[in-house]
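A.B. asks: Let me begin by handing over the structure; questions about it come next.
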Amino acid sequence: MTTGILVGIGETSEEMIDSILAMRSLHERYGHIQEIILQNFQPEPGTAMGRRPGAQAAYFTRAVALARIAMPDMNIQVPPNLSPDSYQDFLLAGINDWGGISPITPDFVNPEFPWPQLARVDGLSRAAGFELKCRFPVYPEFAQMVPQDLRERMLPMQDDCGLVREDYWR
C-alpha cells in the first residue's frame, strides 16, 4: 500500500517525527508499504486553510531527510509540481521517486499546480547525479502482488529491473 503525510499543516516537529516513526513501525510489523509520499502543504484559496502559509522549504526538506534516515530502504516520493525549485534538495535529502508525472492529464490532487516538463525533471535529476526512470504503479519489489494476467501484460514493457522500458516512455 501507499501511505504518507502532509507536512506543514500546523503539526509540531515532534508530531511529524512521530508520524514517520509510526509508518516505519507498521512497515516493520507487516511489510506492506511500497512507498511513502511526503507532500508539502500548499494553501488553496477558498478553503479553511487558504490563508495559511505553505510548508517552509527547509522544514519540509528535513522531513524528507528524516524519513530516509528512519527508513533507508523505503521508496520515498515527493510531488515535483509543488516545489519546482527544490528538486535537487529533495534528491539529496533522500527521495527516490517523483510520483506520477503526466504530460497528458492534470494533477487531480493539486490541479492548481501543473506537472513539470519531463525534460526539466530529467535534467535536474541528472544534475544531482540521478537518472530519471519510469515505473509501473506498483514497485518491482511488490510486483508479485499483481494478478498474473496483468503481470503478463506488463512483461513486454518491462526492463530487467522491473521498471518500464525506456522506449515506452521517452
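Per this note's numbering, residue -12 is the first one in the sequence shown, and the count goes up by one each step. For glycine and all other residues, C-beta sits at the position ideal for the given N, C-alpha and C.
Ends of the alpha helix (DSSP H) at Glu139?
C.D. replies: Sequence index remark: in the sequence shown, residue 139 carries index 152 (1-based). Looking at the DSSP string, the run of the alpha helix (DSSP H) that includes Glu139 is 135 to 141.
A.B. asks: Return the CA-CA distance between Gln74 and Ser112, expressed in angstroms with no decimal places.
C.D. replies: Residue mapping note: residue 74 aligns to position 87 of the sequence shown, counting from 1. Residue mapping note: residue 112 aligns to position 125 of the sequence shown, counting from 1. Inspection of the sequence shows that residue 74 is occupied by Tyr rather than by Gln. Roughly 7 angstroms separates the two Cα atoms.
A.B. asks: Please report how far the alpha carbon of Pro98 lies from the alpha carbon of Leu53, in whole angstroms.
C.D. replies: As a working note, residue 98 is residue 111 in the sequence shown. As a working note, residue 53 is residue 66 in the sequence shown. Between Pro98 and Leu53, the C-alpha separation is close to 28 angstroms.
A.B. asks: With contact counted as at least three CB pairs below 8 angstroms, one residue from each stretch, are the region 35 to 44 and the region 79 to 90 in contact?
C.D. replies: no
A.B. asks: Beta-carbon separation of Val51 and Gln26 under 8 angstroms?
C.D. replies: Indexing the sequence shown from 1 puts residue 51 at position 64. Indexing the sequence shown from 1 puts residue 26 at position 39. No, these two residues do not count as a Cβ contact at 8 angstroms.
A.B. asks: To the nearest angstrom, how far is the alpha carbon of Ser70 from that of Glu1?
C.D. replies: Numbered from its first residue, the sequence shown carries residue 70 at position 83. Numbered from its first residue, the sequence shown carries residue 1 at position 14. Their Cα atoms are separated by approximately 23 angstroms.
A.B. asks: Measuring CB to CB, does Thr(-11) end up less than 8 angstroms from Ile24?
C.D. replies: Residue mapping note: residue -11 aligns to position 2 of the sequence shown, counting from 1. Residue mapping note: residue 24 aligns to position 37 of the sequence shown, counting from 1. Yes, the Cβ-Cβ distance between Thr(-11) and Ile24 is below 8 angstroms.
A.B. asks: Within the continuous beta strand (DSSP E) that includes Val(-6), where are the two ends?
C.D. replies: Numbered from its first residue, the sequence shown carries residue -6 at position 7. Note, Val(-6): beta strand (DSSP E), -11 to -6.
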